[in-house]
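**Q** Starting off with a structure, shown below.
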Amino acid sequence: MNYRAIAALKASNPTRVDNIESPVPVGEVRPGLSRRQFTRAAAGTAVVGAAIGSALWTPVIAAPKGAFAPVPIPGGSPFLGGSYHVFGPAAFDPIDAEPITITNFDGFAGLAYVSGMVTQTNTKTGEKARYPFVDSDMRFMQGNFRGTDGRIHQATFGFI
Amino acid sequence: MDVFLPGPGAQIHDLNPTTFPPVGLFWTIQIADDRQGDNGNGVDVNLGTGGAVLEVSNAPIFDYGDINNALFGGGPAPVPGTVSCKVEWQGVHQRVNIRNTDPVFGGFAGEFIRNAAQMQWTATVGDFVFESDALGTSSSSFAEIGHERNGVFFP
């Protein structure tokens, strides 16, 4: 997550970001502001592509084998409308805001907003380009947590 | 990972591991902690020195293009890929003990070290391969490590 991008997003459409009751499910158009309209407002340009239907958004489970589910923190950043279970300490939330994404947790945690340069290579054409990565939000959690099964587990998590 | 066009340019890549919409566990994946093994995956923390390392190999991610598409959808379908990274936290700029009971931002307590972090990473997404500059060339605008308790462990 990147607070430069989020700040730009909010600046381009504060009403949309502030009034999130829940993120728009795939394929749903919220009354009063279509996803296309929002995209246009956020980008500050013409509509970017056509809306993609849910059928094309095939979920892929990213968790490794044998994973057990931790429980997300109950709240979320007001800056993002409160529906996403994450805060941005020292970015768009107070510096002492909750830095992790798992609740019922007892362990080590880390957070960093890191910037640098990256080289992008197109493997088909060989074309290379240099770009900045800006305030990439990297976090970890390592320790004990009570999972959705009500039991205490020990694991390590990365926030990428 | 958040990649932008140079200058005050637009975001062109937003890599994160969560399927849309990100309403559950936010951009967080379990990683096999094998810091002593061959792949180096996992986390090492030393709160005495302020040091920590997060290392992840070939984590599955999606490239949503930008934060707007990652949070709200409506843009191009995300492109699957993988990312590997090493993040290092170093130093002790400030030690803080936090007990945050704020109903919005709080519900946790912990002992934290505010310090600095650097990262190097690689990724493969569609036809693109990404390779960051060396870890030492990166910098952080904010970094902290610590030990915290929340939820049922909140004292």
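In order, the protein sequence lines correspond to chains A and B.
Counting with the working numbering, you get residues 8 to 167 for the letters of the first sequence.
Counting with the working numbering, you get residues -8 to 146 for the letters of the second sequence.
Positions of the beta carbon are idealized from the N, C-alpha and C atoms, including for glycine.
#1: Is Pro(-3) (chain B) buried or exposed, if buried means 16 or more other CB atoms sit within 10 Å of its CB?
#2: Where does Glu102 (chain B) land, buried or exposed, given buried means 16+ other C-beta within 10 angstroms?
#3: Compile a chain-ordered list of the residues in the stretch 98 to 118 of chain A whose CB is closer than 9 Å to at least one CB of chain B.
#4: Note down the Cα distance separating Glu138 (chain B) from His160 (chain A), rounded to an integer number of angstroms.
#5: With a 10 Å radius around its C-beta and 16 neighbouring C-beta atoms as the bar for buried, classify Gln111 (chain B) as buried or exposed.
#6: Out of A:Pro139, A:Gln127, A:Asn111, state which residue places its alpha-carbon closest to the alpha-carbon of Gly0 (chain B).
#7: Assign Arg140 (chain B) to buried or exposed, taking buried as 16 or more other Cβ atoms, counted over all protein chains shown, within 10 Å of its Cβ.
#8: Between Leu63 (chain A) and Gly65 (chain B), what straight-line distance do the alpha-carbon atoms span, to the nearest angstrom?
#9: Any chance you could list the beta strand (DSSP E) runs of at least 3 consecutive residues sitting entirely within the stretch 113 to 165 of chain A, in chain order?
#10: Determine contact between the stretch 86 to 102 of chain B and the stretch 118 to 130 of chain B, defined as no fewer than three beta-carbon pairs at a distance below 8 Å.
#11: Could you give the uninterrupted runs of the beta strand (DSSP E) lying entirely in the stretch 48 to 111 of chain B, keeping only those of 3 residues or more?
#12: Under 8 Å, do Asn129 (chain A) and Asp118 (chain B) count as touching if we go by C-beta distance?
#13: Which residues share a DSSP beta bridge with Thr115 (chain B)?
**A** This is what the structure holds:
#1: Walking along the second sequence from the start, residue -3 (chain B) turns up at place 6. Classification for Pro(-3) (chain B): exposed.
#2: Taking the second sequence and counting its residues from 1, one reaches residue 102 (chain B) at position 111. That one is exposed.
#3: Ala98, Asp100, Pro101, Ile102, Asp103, Ala104, Glu105, Pro106, Ile107, Thr108, Ile109, Thr110, Asn111, Phe112, Asp113, Gly114, Phe115, Ala116, Gly117, Leu118
#4: Here residue 138 (chain B) corresponds to residue number 147 of the second sequence, with the count starting at 1. Here residue 160 (chain A) corresponds to residue number 153 of the first sequence, with the count starting at 1. This sequence places His at residue 138 (chain B); Glu is not what is there. Approximately 17 Å between the Cα atoms of the pair.
#5: One-based indexing of the second sequence puts residue 111 (chain B) at position 120. With 16 or more other Cβ atoms within 10 Å, it is buried.
#6: Position 9 of the second sequence, counted from the start, is the residue given in the question as residue 0 (chain B). Closest option to Gly0 (chain B), Cα to Cα, is A:Pro139.
#7: Here the question's residue 140 (chain B) lines up with position 149 in the second sequence. The residue is buried, with at least 16 neighbouring Cβ atoms inside 10 Å.
#8: Counting from 1 along the first sequence, the entry for residue 63 (chain A) is found at position 56. Counting from 1 along the second sequence, the entry for residue 65 (chain B) is found at position 74. Note that Leu63 (chain A) scores 34 on pLDDT, short of 50, meaning its location in the model is unreliable; the coordinates nonetheless yield the value given after this. Using only the alpha carbons, I get a separation of about 11 Å.
#9: 135 to 153
#10: no
#11: 70 to 91
#12: If you number the first sequence from 1, residue 129 (chain A) lands on position 122. If you number the second sequence from 1, residue 118 (chain B) lands on position 127. Yes, Cβ-Cβ distance for Asn129 (chain A) and Asp118 (chain B) is below 8 Å.
#13: Within the second sequence, numbered from 1, the residue matching residue 115 (chain B) stands at position 124. Thr115 (chain B) is bridged to B:Thr73, B:Val120.
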